[in-house]
Structure formats: structure tokens, C-alpha cells
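All remarks here apply to the structure that follows.
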Amino acid sequence: MRDVEVKVEHVTRVEGHGNILLNAKNGKVHKVQWQVSEAPRFFEAMVVGRDYHQLSHITSRICGICSIGHSLASLKATESAMGVDISDQTLLLRKLALHAENAQSHILHVGYLVAPDLFGVGSVFPLVATHRDAVLTIVRLHRLANEMSDLLCGRTTHPITLEVGGFTKIPTEEELTDLKARLKSDIETTRALAGILLANVDKLPRFARETEYIGLTSDDEYALYDGLVGSTDTGRHEVRDYRSIVNEYIVPQSTAKYAKHVRDSYMVGALARFNLNSQQLTPLAKEIASQFALSAPCYNPFMNSIAQLVEVAHGIEDSITIIDKLLGMGLREEKNEVEVKAGRGIGAVEVPRGILFHDYTIDGNGKCVKANCVIPTNQNHANIQRDMEVFAPTLLDKGKEEIELDLEMLVRAYDPCISCSAHCLKVEFR
Amino acid sequence: MKPKVAFFDFAGCEGCQLQVVNLEESILDLIDIVEVVSFREAMKEHSDDYDIAFIEGSIARPMDEERLRGIRSKAKILVALGACACMGGVNALRNQFPVNDLKKMVYGGADPKHIENNPYFDIFPVKAVDEVVKVDYYIPGCPINRDEFARVVTALVLGEKPVLPNYPVCVECKKRGNICVFEEGKFCLGPVTRAGCDAICPTNGDGCEGCRGLLDDPNTQSELEVLQKYGLTLDEALDRFNVFCYKAKAEVAKAEVAKAEVNK
Numbered sequence: 000m001r002d003v004e005v006k007v008e009h010v011t012r013v014e015g016h017g018n019i020l021l022n023a024k025n026g027k028v029h030k031v032q033w034q035v036s037e038a039p040r041f042f043e044a045m046v047v048g049r050d051y052h053q054l055s056h057i058t059s060r061i062c063g064i065c066s067i068g069h070s071l072a073s074l075k076a077t078e079s080a081m082g083v084d085i086s087d088q089t090l091l092l093r094k095l096a097l098h099a100e101n102a103q104s105h106i107l108h109v110g111y112l113v114a115p116d117l118f119g120v121g122s123v124f125p126l127v128a129t130h131r132d133a134v135l136t137i138v139r140l141h142r143l144a145n146e147m148s149d150l151l152c153g154r155t156t157h158p159i160t161l162e163v164g165g166f167t168k169i170p171t172e173e174e175l176t177d178l179k180a181r182l183k184s185d186i187e188t189t190r191a192l193a194g195i196l197l198a199n200v201d202k203l204p205r206f207a208r209e210t211e212y213i214g215l216t217s218d219d220e221y222a223l224y225d226g227l228v229g230s231t232d233t234g235r236h237e238v239r240d241y242r243s244i245v246n247e248y249i250v251p252q253s254t255a256k257y258a259k260h261v262r263d264s265y266m267v268g269a270l271a272r273f274n275l276n277s278q279q280l281t282p283l284a285k286e287i288a289s290q291f292a293l294s295a296p297c298y299n300p301f302m303n304s305i306a307q308l309v310e311v312a313h314g315i316e317d318s319i320t321i322i323d324k325l326l327g328m329g330l331r332e333e334k335n336e337v338e339v340k341a342g343r344g345i346g347a348v349e350v351p352r353g354i355l356f357h358d359y360t361i362d363g364n365g366k367c368v369k370a371n372c373v374i375p376t377n378q379n380h381a382n383i384q385r386d387m388e389v390f391a392p393t394l395l396d397k398g399k400e401e402i403e404l405d406l407e408m409l410v411r412a413y414d415p416c417i418s419c420s421a422h423c424l425k426v427e428f429r
Numbered sequence: 000m001k002p003k004v005a006f007f008d009f010a011g012c013e014g015c016q017l018q019v020v021n022l023e024e025s026i027l028d029l030i031d032i033v034e035v036v037s038f039r040e041a042m043k044e045h046s047d048d049y050d051i052a053f054i055e056g057s058i059a060r061p062m063d064e065e066r067l068r069g070i071r072s073k074a075k076i077l078v079a080l081g082a083c084a085c086m087g088g089v090n091a092l093r094n095q096f097p098v099n100d101l102k103k104m105v106y107g108g109a110d111p112k113h114i115e116n117n118p119y120f121d122i123f124p125v126k127a128v129d130e131v132v133k134v135d136y137y138i139p140g141c142p143i144n145r146d147e148f149a150r151v152v153t154a155l156v157l158g159e160k161p162v163l164p165n166y167p168v169c170v171e172c173k174k175r176g177n178i179c180v181f182e183e184g185k186f187c188l189g190p191v192t193r194a195g196c197d198a199i200c201p202t203n204g205d206g207c208e209g210c211r212g213l214l215d216d217p218n219t220q221s222e223l224e225v226l227q228k229y230g231l232t233l234d235e236a237l238d239r240f241n242v243f244c245y246k247a248k249a250e251v252a253k254a255e256v257a258k259a260e261v262n263k
């Protein structure tokens, strides 16, 4: 029986700053802790007093990776607060933008951040020399996702064109036709990426811990932009009741808040969505899931990366369907006339790392007086901690480096967005 | 010998580092001319031996200041990457509230022993990087422009001094043949904001938000004239600048004082 002490400061290949601490004596774990050391940022204070049309531009800066999702949740909250309706065209274009971001983020995660673990290297850079074709496959998919974001949002990161009520600029029919052709050709690229990962998937630890899975769910589609809040434990809930689902609380080892619902933790993200809604995936997505023997319910958090790959495939096929619909309707310039109205609104969107809520109160002058944002990674922190508590004791016979790597891989599997989660919550004014 | 390059992130969204990753195939060319020795967002390895340090994010706590000073002491060249590092960026919007109010607002419900004397929670009003250490070069923007990043790195590798444009966004906007967004009833900070973004916001139908900061010696008179023409005030403009560049107000005041001195 040996003693193990692990301290990983600033886990790499994740967004933001987090530490892992493990302390074991005589083969028994004394302390295992997931710590979030990110500097808190106070976004809910930043938006107070700002005009309704600036809110999505400010809150998109919560996160560089999920800036489109933050913009959309922000716009939905603002529109709901002021009673603004959007057109079918806007809805479809927003869904495309969300697919673009999911692909951007998922490929970045699976391809650049997780793949090095599967190939046993420290980053994607050495793979350029040893596995050039694999890297170029990843780069190709990632670039398409980025260019899709550019086309719809005016920029890859921090959208310009998304505004309250609609778009400041829309793509042309030619641009959409061209995008569709590229998406079609990338179906094979996605299969190729799946093949590369499949060859190395045995490197993902076999670990399972059942938990509650929460995400949007809908009768109509694999819910991403819209839906009710679904839980594998308690069924469906209205979005307006989100506070009774997330139940945030503070722990001393983290500047980010934690969350729990009916158990002491729950999971959000691609695997949660898969567990809730896998029946509604497109054929290619189902095909890839079955290659990896991924079926719902899956209790292995490491499979979150594979669920992300499955969602990339879903996004590509669904985007093609959306583009066909848009082209069938014919694109037209719309004028977004918005009337300022006081009210409170909540927007919920599935972003790459899970369900995201923005909740705004807007006054009669169109200024934000109160805001609350609940971030996916916040909702996962407690679940990461619980997983670690069960996973760490199974690792104690391994070497220190291997234990470190396994624990880091666990954190990485959640694809945490720590800057997001340390944005800090619940600003109550007066 | 290839120069050794390291990336460090402080309070921010990491969207600027993401633009580096988003260089896609060009990043393969870039790693031909530099050696990346530290880039936590993308790689596990880390080395304290580097020539050029890129700093992303703004500075919010004493523990961050200490880390930043350590980086400065090791780096030959230090570059501020993005609006948060260059000017405080959106983070500085919270500087309108006293720190104690913020803590109370956010952690009010927490057990005080969790928060007191806990360095994670020890915040001060947000600072730009150059309020803590000397910055050699700036790559502004929220997010940075990838092409400008590649240009700056290339210049540094060649031992040249990277130069940022010192003309307003309007110049690039006109070149792109855009209709002025003021004509569409939108607000724009283009006339006094540093170009280099290729007028990306007005080109996409939205006004410039000043994320690249004020020009050196901005022609506030011309912005004032534009604003007057469309019935808007300087205060409104400066309030807009607060979103990315909370320093603008102070800088405009400084410029006005300097002008008054010259006119004396």
C-alpha cells in the first residue's frame, strides 16, 4: 500500500484555470478535489444599466468558445422579456449558427484537446509530423465549422450579425448553396475522423458512474435551440422553473458555483443530450454512435467526447436539411423593428457543453436592471468532483504520472469551460 | 534558432488564443518559424524558457499580478493580446462598482470563512496588463484579428518592430465600399477607433464598438461633428466606449487638456 500525492495546477488543454488535488495514504484516498481557480468576472454586474441591444454583445464575451450560444441565449432572454417575435427565417438561420458553433467547439475539443491523449502525446503539434493526415482531417472539419460561423455571424468568435429580433446581415442564397455542397463533402471527412478515433478509443478509461442527466428536450427534434428542460430522473420541466433545477451553491475551492438537482450532482453536455434524445439523431449520427457502441443510457463520462463527435455528424446532416428549407422559402431582407417594453425573460439554449440559461429583467427604457446566467460548466463541476471521488481510488496502483493523466483526462472529458463558469452568479440589485 | 513563444491567459474568455488555433493550416506555417513552448489551452508541455510572451486577459487579483511579474521577468518581449489585456476590455465594466459591493452581490450567501483570506476571491478593480508591467507591443481587438496576429509574429521573428495602423476604422470601411451605418440610424465609434479589423462590424451591418481602442491622438472633433450631425452626444459615445475601453474617457479628457495647452 503506497502513498500518492498528486497536484495538477492549471490543467492543460481545457478552457480556463482549474487544479486537481489527490492525497492518498496507505492505499486510501484522503482527499481528492477539483478546484477552480479562475479569476471571477462578474458579468451580471457588467450588463446592469446597459441597453437591451448591447446585452448579447457583452455576454458573448463570457466565453470565446461558446460565444454564439451565449449570444443566442441572451437574445432569447431579451426577446422574451420585451415580447419580440422572430421570423421562421431568423429561427432557421439561428439554428444553423448554433450547429456551426457546436461543430467548431466539438471538433476543437475532440480533435485538438482529447486526441493527443489517445495518441499518447502532449499536444496536437507533434502529431503534425507523425499523423499528418489525421491532423489535416481535423483541421479541415474545424475550418469548415469556422467558416460556417463566419458566414452566419460575420465572425468566428463573438458574433456581429445576431441582434434582437433577427440579423443585421444574412447570407446570400449562393453562399448557402456553396455551404451545403461543402457540408455534403464533409460527411466523408467526418467518417474519416470517426475512423481515426475508433482506432484509438481503447485509450479512453472504462469507468461508469450513474448520475442525473439534464438537457433541453423536445417532441419535434434533437433539441438544441429550443425545448423543455428534461431530466433522466424527473422528466420534463418548464424553462421558467430553471432555478429549482440548478440550485447553485458555493464551495471554498472554487470561484465558480456548483449546482445540484435531485441527486448531489448532475451532468449536462453532449452525453446528457445523447442520453435524453438519442432517438432523434440523424442517420449518420446514429451510424457513428453504433460504431463506438454508444447507446443510451451511457454512464461513462469519458464517452462525452464520442457523443460530441456524434453531434458533429448530426449537425452536418441537420444543417443540410435547414439550408434546403431556407432555399425553398427563398431568403429575404427583413427589417427588425423592436419596441422597447419592460419585462423579465429567460432564454435556454443547448451550447456545446450543455444547457445554458440567461435571465434578464429589462426596464421601460430598454435598460437591463437584473441579470442571471447559469453556465453549463458550473452545472458539471459537482459531477466532476463526484466522478473523481469514485474514479481516484481505482487508480492508486498506477504510477503517479499515469494517475495524473487519468484524472486530467476525466476533467478534459467534460470539456470544461472554466472562464464561463467563473463568470459568477446571482447579482441582486437593491 | 527559432524564437521560443509562450501564451498565458488571465481573466478573459480565451477567444484570442482561440483565434491563434483558428489560423488552421497557417498555424502549421507559423510553427515552422517559432517554437511554441507553453500554450496551456492547446498543449500539456510547459517551459519557463521563452523569448516572446503573449498575455491574454486582464488582471483582477494580487495572485495574478504576481504571476504576471514572473512572466515579465522571464520574457524578452511581452505582447498584450486582445482588448482585455490591452485595455481591460469588457472585464473593466465591473469597475463601475466598488469591489466590496461586487463580492457581497456575488458571494453574499457564502460562509465568510470560505471567502476571507482566500486568494482566489481577493479581487481588485480590473487592470490592463500595462498597469502592472511594461508591455512591448499590443495586438488589440475583441477578439484579435488573426491576420494581424500573424503579421505581428512575423515582424517579431524578423527582428522588426510591428506597427499598428493609426488611422480610423472609417478608412477601412470606405475602402470596403460600405454605406455608413450612421445613415441607417446606427451608432458607430469608427471615426475615433484604431483600424486594423478591416471594418468587420460595419461590413456586417453593425456599428463599430471601439474594441480596438482609441487612436493615438484621436480626432475627437471630427467624431463630435459626426455625432452632432446625427443628433448624438459625446457622452453617449464615451458610454459606448466603456464596453471595451474604459480608459477612453480618461484618454479623451487627457487629449482635450493637451490640445488646450497647445492652443494657449
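Protein chains in written order, with numbering that gives the first Met the number 0: chain A, 0 to 429; chain C, 0 to 263.
In this text, a Cβ means the ideal position worked out from N, Cα and C, and glycines have one as well.
In this text, all values refer to a predicted model and were calculated from it rather than measured experimentally.
Residue i and residue j closer than 8 Å at C-beta
i, j, result
"V89 (chain C)", "M45 (chain A)", "yes"
"L214 (chain C)", "P167 (chain C)", "yes"
"M42 (chain C)", "R12 (chain A)", "yes"
"L163 (chain C)", "G184 (chain C)", "no"
"L404 (chain A)", "A23 (chain A)", "no"
"V33 (chain C)", "Y49 (chain C)", "no"
"A133 (chain A)", "I186 (chain A)", "no"
"L95 (chain A)", "L151 (chain A)", "yes"
"Y298 (chain A)", "E209 (chain A)", "yes"
"P61 (chain C)", "D121 (chain C)", "yes"
"L67 (chain C)", "V131 (chain C)", "yes"
"G344 (chain A)", "P375 (chain A)", "no"
"A102 (chain A)", "A76 (chain A)", "no"
"I30 (chain C)", "F124 (chain A)", "yes"
"V5 (chain A)", "L406 (chain A)", "yes"
Min CB distance residue i to chain D below 8 Å
i, result
"P251 (chain A)", "Of the protein chains in the structure, A and C, none is chain D."
CB-CB length for residue i against residue j, believed under 8 Å
i, j, result
"G365 (chain A)", "D50 (chain A)", "6 Å"
"S66 (chain A)", "G14 (chain C)", "7 Å"
"A347 (chain A)", "V228 (chain A)", "7 Å"
"Y413 (chain A)", "N303 (chain A)", "6 Å"
"E55 (chain C)", "G81 (chain C)", "6 Å"
"F74 (chain C)", "Y137 (chain C)", "Residue identity check: residue 74 (chain C) is Ala in the sequence provided, not Phe. Actually they are not in contact, since the Cβ atoms of A74 (chain C) and Y137 (chain C) sit about 15 Å apart, beyond 8 Å."
"N350 (chain C)", "T160 (chain A)", "Only positions 0 to 263 of chain C appear in this structure, which leaves residue 350 (chain C) out of reach."
Residue i versus residue j - alpha carbon distance
i, j, result
"D84 (chain A)", "L90 (chain A)", "10 Å"
"V10 (chain A)", "G230 (chain C)", "51 Å"
"A265 (chain C)", "P161 (chain C)", "This structure cannot speak to residue 265 (chain C), because chain C is shown only from 0 to 263."
"A52 (chain C)", "D2 (chain A)", "38 Å"
"A191 (chain A)", "A207 (chain A)", "28 Å"
"N246 (chain A)", "D240 (chain A)", "11 Å"
"R193 (chain C)", "V170 (chain C)", "10 Å"
"N165 (chain C)", "P139 (chain C)", "12 Å"
"V163 (chain A)", "V337 (chain A)", "8 Å"
"S431 (chain A)", "A128 (chain A)", "Residue 431 (chain A) lies beyond the range of chain A shown here (0 to 429); nothing can be said about it."
"E147 (chain C)", "V20 (chain C)", "14 Å"
"P115 (chain A)", "L126 (chain A)", "8 Å"
Buried versus exposed call for residue i [16 or more other C-beta atoms within 10 Å across all chains shown]
i, result
"T171 (chain A)", "exposed"
"R264 (chain C)", "The question about residue 264 (chain C) has no answer, for chain C in this structure spans 0 to 263."
"M408 (chain A)", "buried"
"E427 (chain A)", "Any reading at E427 (chain A) must be qualified, since the residue scores a pLDDT of 29, below 50, and its modelled position is unreliable; no value is offered."
"K425 (chain A)", "Note that K425 (chain A) scores a pLDDT of 30, beneath 50, so its modelled location is shaky; the value from the coordinates is reported in the next line. It counts as buried."
"Q95 (chain C)", "exposed"
"E100 (chain A)", "buried"
"Q384 (chain A)", "buried"
"I70 (chain C)", "buried"
"A59 (chain C)", "buried"
"L270 (chain A)", "buried"
"V4 (chain C)", "buried"
"L223 (chain A)", "buried"
"T167 (chain A)", "buried"
"R139 (chain A)", "buried"
Does the segment 45 to 57 of chain A come close enough to the segment 67 to 82 of chain A to have 3 or more Cβ pairs within less than 8 Å?
-> yes
Inspect the CB distances between the segment 29 to 38 of chain A and the segment 243 to 259 of chain A and report whether three or more fall short of 8 Å.
-> yes
Should the segment 273 to 290 of chain A be regarded as contacting the segment 167 to 181 of chain A, the criterion being three or more beta carbon pairs within less than 8 Å?
-> no
Is the segment 195 to 213 of chain C close to the segment 232 to 244 of chain C, with three or more CB pairs under 8 Å?
-> yes
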